Every structure is written in structure tokens, then in C-alpha cells.
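Engineer:
2 protein chains.
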Amino acid sequence: MRLGSDRVSNSSDFAGWAAAGQRHIEAVLDKLLLPPPQIAPQRLHQAMRYAVLGGGKRVRPLLAFAAGELSQADPQRVALAGAAVEIIHAYSLVHDDLPCMDDDVLRRGKPTCHVEYDEATALLVGDALQSLAFQVMTEHTLCDDAAVQLEMTKLLAIASGSRGMAGGQAIDLEAVGKELTVPELEFMHIHKTGAIIRVAALLGLKCGVPLSLQEHTYVDTFAKLIGLAFQVVDDVLDADATTEALGKTAGKDAQQGKPTYVSTMGVTRAKAFAEELRADAMKALESFGDRANRLRELADFIVLRKS
Amino acid sequence: MRLGSDRVSNSSDFAGWAAAGQRHIEAVLDKLLLPPPQIAPQRLHQAMRYAVLGGGKRVRPLLAFAAGELSQADPQRVALAGAAVEIIHAYSLVHDDLPCMDDDVLRRGKPTCHVEYDEATALLVGDALQSLAFQVMTEHTLCDDAAVQLEMTKLLAIASGSRGMAGGQAIDLEAVGKELTVPELEFMHIHKTGAIIRVAALLGLKCGVPLSLQEHTYVDTFAKLIGLAFQVVDDVLDADATTEALGKTAGKDAQQGKPTYVSTMGVTRAKAFAEELRADAMKALESFGDRANRLRELADFIVLRKS
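Chains as they are written, first to last, in numbering that gives the first Met the number 0: chain A, 0 to 306; chain B, 0 to 306.
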């Protein structure tokens, strides 16, 4: 455990680092989402920008930055890889909010994409954003070795697909109205949210100098644990926080009969479980010493967030 | 023009070549769409197989094979690249058939994916298939140079995205109920159908030994023209052929008020236009001599097809 006073005293430093990272990612996303809205098909390009820009905590790119610091990666390269992950995340939100899925009207404090535009456009926004993510992964130099960059692109594809995020969504659909055990919930969330959070850290790492296999595994373990913690906290916030604080409809899980960590173990135990996961994640970083402080601060940020 | 009697007498040879290519692609797709249906999420994996296997003319992979013959590419590698393109095509059909898009119930003689399963599953099938296509492009060796393989993956991403297929769909949506000029129609179809047909040929080429820039441009021009011809013929068949022959609902374009080559120029002129495009495409191949015969036969196959 590395929750020493040096890190606590640095919390304002972390806030500054995170804000700078968020600004960097926002600028990169803005550039990647050119062509500007006046180029055909206009409505689609506008809607793609609407879905991605100006919102979100950018947790995944921040994780890529923090992991990239461990492997001395060029932040410009990490920003591109992190932006690709964020674009995948943004597309998944647009599709999840569609009427045939979660049927939600509010996201990041704004009307969801299909409400602001229309369903067909929102469908195409998601589709085109997924393509864009893979374009970003392949049209810029993200690391010195093209073979490694192919491997990175493969990791993102697997994390997005039927054995990752999309598969997790399908498991989520099948679970509505059922009671799940904790291991079943974990299986669902390791796919649904965990895979993309994990790949964000791995891509950040791989932009830089390769770590030893053992160090790589430590970061991977950290990312897996923190990905799960993210979801546990998400479930707690859905039950505990207000729609205003979240910028998305609160209480949806219970309303839709979705099994969550809160419905399965209750709020108190769910909070304790998130805390445990954070402690285990910190343990995975022990051997790095101060080099991994940004990752530790991010773990705190993820677990202690209020929205 | 190379429509000599040698090629006509070889038509049975072409049929055999095409059938062998279709079998090859089917086997590769079957393998790529493992895990078998009993692995979680079961329903999603079943539905992905349903959407891709056992149907379709596989025109795009055949184009990849024929182009690959020009660059002495390893057919095993071309099959993987062609399968990735076909998976993108299959995902686009699943999403296009959804109620918020074309709302169609019949595809390849079977109920569409959202009719056989449900809308949410069909949405995820399309999403997961797109990821799978990029996984296929990056987890197998498709050419000797990893940098070229990254470039190939980029070409597929661009052809799929907002400046390719998804963009074409958006233009199509905006065009419903409008009258388009021939250049506007062309702009729409170069995106919607053309981009993916074109990239199939380019990926087939790039699996092999690089051609000269001029030869590469000839094949690219051929693929662009034949991609457009494909759509003109599609419009003619939608107006002319029966639902039974097509395996999908005939007459949908007129019913939905979609501008087509038939609505814009009438059936007779549309047929003549397809013939012109085929002639121009053949001209682009002139300098290759007999080496490009498979591409020529494919052009005939595309323009003269009845379904």
C-alpha cells in the first residue's frame, strides 16, 4: 500500500496533471474529428463531434498517460492511442443509449445522440466512430516497431469485440431481470467495462520502451482490478447519486431490473468491495516505487469519485 | 476491350474458380467466427455466425482473390483480408436492416438478424463484427511488411467510416424523398458501396508483391468503376427482379422513396450505364494482358448477374 502523506500532499498536483491530460485529449479528439461539420455528410460529422467532444472524465486516456509514464512513452503518441480508446468508449455510449438498448435520454448532462439527432444517425455515429478508432490506431506512428503497433491495434479490437465490451453488453442484456452471483457479475463487468479500461493502460505502456514481462503483468493486474473497481463504484453511484451530479439518469439499473453490485451485495458491502479492489490494485504496483504514483492517484480518483 | 472468345470459352472455368473461392472464404469465415456457439455470450456468438455464414455471393473476397493473383499474393493471406472485408460488409447489412434504418425482414432468403434474434442483439452483432474485422486484419500475417499491413488496416478503416461506407449510408438517409442528379447519386454510391468494393481489390493486391504505381492505379480505377457498376446493377435488380430471386425484398427503393439510378435515369438508361462502366473498367486493365483475366471475368459476373 502506497497511500503515504507525500501523495496526499500532492493531490493538487494530480488535479493539475489530470486537467492538463484532459485538455490534451480534448484537443487531439477535436483534431481527429475533423473534417469540420461543413463537409459531407454534414449531419453525421456534426453528430460524431457531438457524441465525443466536450464531456466525460476521460478516465481511459488518463490511464494511458499514467501507464505511458512508466515506459517513458512519448505523450503525443500516448494521446493518440488514448484518444482511440476514448472514441471506442464514446461509440459504445451512443449505441447503449439507443431505444433498443438502455433507452436513455441524458448523457454527460446533454440529450443523448439519438435524441439530439435521430436513431439512424446515432447508429451510424457509433459505427463510424468505431472505424475512426481503428483508423487512428493505424495512420499515426504510435511506437517505433510497426509489428508492435499491429499488436496494439489487435488488443483494442479484441477488447472492443464479442470477447470484450460488445460481449459484456450482450451478457448484460441477458442478465436483465435475473439475480446474478458475484462471480457472474464479475464476468459480465470484466467484459463490459473492464476490457476497455485495461486496454487503455496496456496501449499507454506499449507506446514506450517495453517493460519486463513481470512489470507488464503488474500493470495489467492493476488495470484489471481498477477496471472492476470502476464498475462497482458506477453501480454505487447509480444507486446513491443524483441525476444532476451524474449528468446521466440515476437509478436506471434498479428501474430496469439490472443486477448490480448494489442489488447483489447492498450499498455498504459494495463500497467496501471497491475499497478492497483499490487496495489490491495498489499492491500490484508495489515494486515500482514512486514511478507508479500517477497510476496510484488515478486509482484513488476512480474509486473516490462522486460522479 | 478484352472480351475475346478465349474468355467466353473459359466461363465454366470461371464458375469453378468462383465456387472454389467461395468455399475457401466460407471455411475461413467459419473458423474466424469461433468461439463455437456454446461459449459466452452464446446468443451473440450464434447471431454473429447467423449474420455472416451460409449466404451471399462473396463478391468482395472474390475481388480480393482476383487482384491478389496480379501481385502473386499467397491465397491464404488474401482469404483472411477478403474475409475481413466480408465481415465489414455483413455487419453493415445487419445494421442497415434494423427498423431505424431500412427496416427489412428478409436477407439472403432468411429472416434478418433482428427478426431472427432481437434488435439489441442485432446492434451488438454489427458492433462486434466490425471489431472482429479489425482483429482479423491485425492478428494474422497478411503481408511480409508490418508497416504495409498497418496501411492495409488503415485503408479498411477509412473505407468503413464516415468518409466511406458509414458516410454513404448517412448520405442515403438524407436523400430519402429527394431527387438527386446523377453526380449526386454517384457521390453517394462511391461512398456507400464503392469504398468497400474498392478496398477489397486493394487489400488483395497489397497481400502480394507491390505493383508499379501505374499498375496499382489501373487496378484501383478498375475497382472504383466496377464498384459503381455493382450499385447501378443493384438498383436495376431492385426494380426488375423478384424477391425470390434476390433473397431480399424487391422494390424497396421505390417504396421508400429512395433516389436510385432507375428513378433518376430509367431502367433502360441505367442498364446502358452499367454496360458503359463495365467497358471503362475493362479499359483500365488493358495493359495487363491475360494476367487480369480473373478481374475481367469478375466484372462480367458483377454486371451480368441476375440477383
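Beta carbons: idealized from backbone N, C-alpha and C, even for Gly. Treat the numbers as computed from the prediction; the structure is a model and nothing was measured.
Under 8 Å between the Cβ atoms of G288 (chain A) and F64 (chain A)?
Structural biologist: For G288 (chain A) and F64 (chain A), no; Cβs fall outside 8 Å.
Engineer: Is the CB of Q134 (chain A) under 8 Å away from at least one CB in chain B?
Structural biologist: Interface residue, yes.
Engineer: Between R290 (chain A) and F13 (chain A), what straight-line distance do the alpha-carbon atoms span, to the nearest angstrom?
Structural biologist: Roughly 14 Å separates the two Cα atoms.
Engineer: Whole alpha helix (DSSP H) runs in the region 277-304 of chain B with 4 or more residues, listed along the chain?
Structural biologist: The region 277-304 of chain B contains these whole alpha helix (DSSP H) runs: 292-303.
Engineer: Tell me, to the nearest whole angstrom, how far the beta carbon of M136 (chain B) is from that of A83 (chain B); I am working on the premise that it is less than 8 Å.
Structural biologist: Going by Cβ atoms, the distance from M136 (chain B) to A83 (chain B) rounds to 5 Å, so yes, they are a contact pair.
Engineer: Would D219 (chain A) pass as an interface residue toward chain B - the criterion being a Cβ-Cβ separation below 8 Å?
Structural biologist: No, its Cβ sits nowhere closer than 8 Å to a Cβ of chain B.
Engineer: Determine the chain A residues that contact D252 (chain B) at a beta-carbon separation under 8 Å, and present them in chain order.
Structural biologist: Near D252 (chain B) there are no residues of chain A at all, since even the closest Cβ is about 16 Å away, more than 8 Å.
Engineer: Are there three or more Cβ pairs, one per stretch, closer than 8 Å when the region 141-149 of chain A is compared with the region 112-126 of chain A?
Structural biologist: Too few Cβ pairs lie closer than 8 Å, so no.
Engineer: Going by DSSP, what residue range makes up the alpha helix (DSSP H) through L79 (chain B)?
Structural biologist: That run of the alpha helix (DSSP H) goes P74 to D95.
Engineer: Counting only beta-carbon atoms, is H94 (chain B) nearer than 8 Å to chain A?
Structural biologist: Taking Cβ atoms only, chain A reaches closer than 8 Å to H94 (chain B), which makes this a yes.
Engineer: Would D143 (chain A) count as contacting chain B if we go by Cβ distances under 8 Å?
Structural biologist: Not one chain B Cβ lies under 8 Å of D143 (chain A).
Engineer: Can you tell me where the alpha helix (DSSP H) holding R312 (chain A) begins and where it ends?
Structural biologist: Nothing can be reported for residue 312 (chain A): it is not among the residues displayed for chain A, which extend from 0 to 306.
Engineer: What residue ranges within the region 160-240 of chain B form continuous alpha helix (DSSP H) runs of no fewer than 4 residues, ordered along the chain?
Structural biologist: DSSP runs (the alpha helix (DSSP H)) wholly in the region 160-240 of chain B: 164-174, 181-188, 194-205 and 212-239.
Engineer: Taking 8 Å as the limit between beta carbons, can you name the residues of its chain near F186 (chain B), skipping five residues before and five after?
Structural biologist: Excluding sequence neighbours, F186 (chain B) sits near I170.
Engineer: What residues of chain B sit near Q168 (chain A), judged by a beta carbon separation below 7 Å?
Structural biologist: Ordered by position in chain B, the residues that pass the 7 Å Cβ test against Q168 (chain A) are L123.
Engineer: List, in order along the chain, the chain A residues whose C-beta lies closer than 7 Å to that of I189 (chain B)?
Structural biologist: Those within 7 Å of I189 (chain B) in chain A number zero; the least Cβ separation is about 12 Å.
Engineer: Between R76 (chain A) and the rest of its own chain, which residues show a CB-CB distance below 6 Å, the 5 nearest in sequence each way excluded?
Structural biologist: Excluding residues within five positions, the ones whose Cβ falls inside 6 Å are L141 and C206.
Engineer: Have a look at Q134 (chain B) and K153 (chain A) and give me their C-alpha separation to the nearest angstrom.
Structural biologist: About 5 Å.
Engineer: Is the Cβ of A309 (chain A) closer than 8 Å to any Cβ of chain B?
Structural biologist: Residue 309 (chain A) lies beyond the residue range present for chain A, which begins at 0 and ends at 306; the question has no answer from this structure.
Engineer: Given a threshold of 16 other Cβ atoms within 10 Å of its Cβ, counted over all protein chains shown, does L212 (chain A) qualify as buried or as exposed?
Structural biologist: By the neighbour-count rule (16 or more Cβ atoms within 10 Å), L212 (chain A) is not buried but exposed.
Engineer: Using a cut-off of 7 Å between C-beta atoms, extract the partners of C99 (chain B) located in chain A.
Structural biologist: Chain A residues near C99 (chain B): E118, A119 and L122.
Engineer: Which residue's Cα is closest to the Cα of F272 (chain A): A:R57, A:G20 and A:L184?
Structural biologist: Among A:R57, A:G20 and A:L184, the Cα nearest to that of F272 (chain A) is on A:L184.
Engineer: If you pair each beta-carbon of the region 294-303 of chain A with each one of the region 251-258 of chain A, do three or more pairs fall below 8 Å?
Structural biologist: No, because fewer than three Cβ pairs between the region 294-303 of chain A and the region 251-258 of chain A fall closer than 8 Å, the two stretches do not touch.
Engineer: For P110 (chain A), does the three-state DSSP call read helix, strand or coil?
Structural biologist: Note: P110 (chain A) maps to strand in three-state DSSP.
Engineer: Select from the region 147-169 of chain A all residues with a C-beta closer than 7 Å to any C-beta belonging to chain E, and list them in chain order.
Structural biologist: The structure shown contains no chain E; its protein chains are A and B.
Engineer: So, does the CB of E138 (chain A) fall closer than 8 Å to a CB anywhere in chain B?
Structural biologist: E138 (chain A) counts as touching chain B.
Engineer: Does the distance from the CB of R107 (chain A) to the CB of G55 (chain A) come in under 8 Å?
Structural biologist: Yes, the Cβ-Cβ distance between R107 (chain A) and G55 (chain A) is below 8 Å.
Engineer: Examine chain A for any beta-carbon lying closer than 8 Å to the beta-carbon of S130 (chain B), and answer yes or no.
Structural biologist: It does: the Cβ of S130 (chain B) has a partner Cβ on chain A nearer than 8 Å.
Engineer: So D373 (chain B) packs on V266 (chain B), CB below 8 Å; how close in whole Å?
Structural biologist: Because chain B spans 0 through 306 in this model, residue 373 (chain B) falls outside it and cannot be assessed.
Engineer: Looking only at DSSP bridge pairs, what is L105 (chain A) linked to?
Structural biologist: Answer by DSSP bridge pairing, in chain order: A:P110.
Engineer: Taking its Cβ as the centre, do 16 or more other Cβ atoms sit within 10 Å of Q71 (chain A), making it buried, or is it exposed?
Structural biologist: So Q71 (chain A) ends up on the exposed side.
Engineer: Quick one: which chain B residues come within Cβ less than 8 Å of E173 (chain A)?
Structural biologist: Per Cβ cutoff of 8 Å: P40 and R42.
Engineer: Out of curiosity, what's the CA-to-CA distance linking V232 (chain A) and L128 (chain A)?
Structural biologist: In a straight line, the C-alpha of V232 (chain A) is about 27 Å away from that of L128 (chain A).
Engineer: Any idea what DSSP makes of T152 (chain A), helix, strand or coil?
Structural biologist: T152 (chain A): helix per DSSP, three-state reduction.
Engineer: Do L294 (chain B) and A66 (chain B) have their beta-carbon atoms positioned less than 8 Å apart in this structure?
Structural biologist: Contact: yes.
Engineer: Which bits of chain B does A308 (chain A) rub up against, with CB to CB less than 7 Å?
Structural biologist: Residue 308 (chain A) falls outside the range modelled here, since chain A spans only 0 to 306, and no answer is possible.
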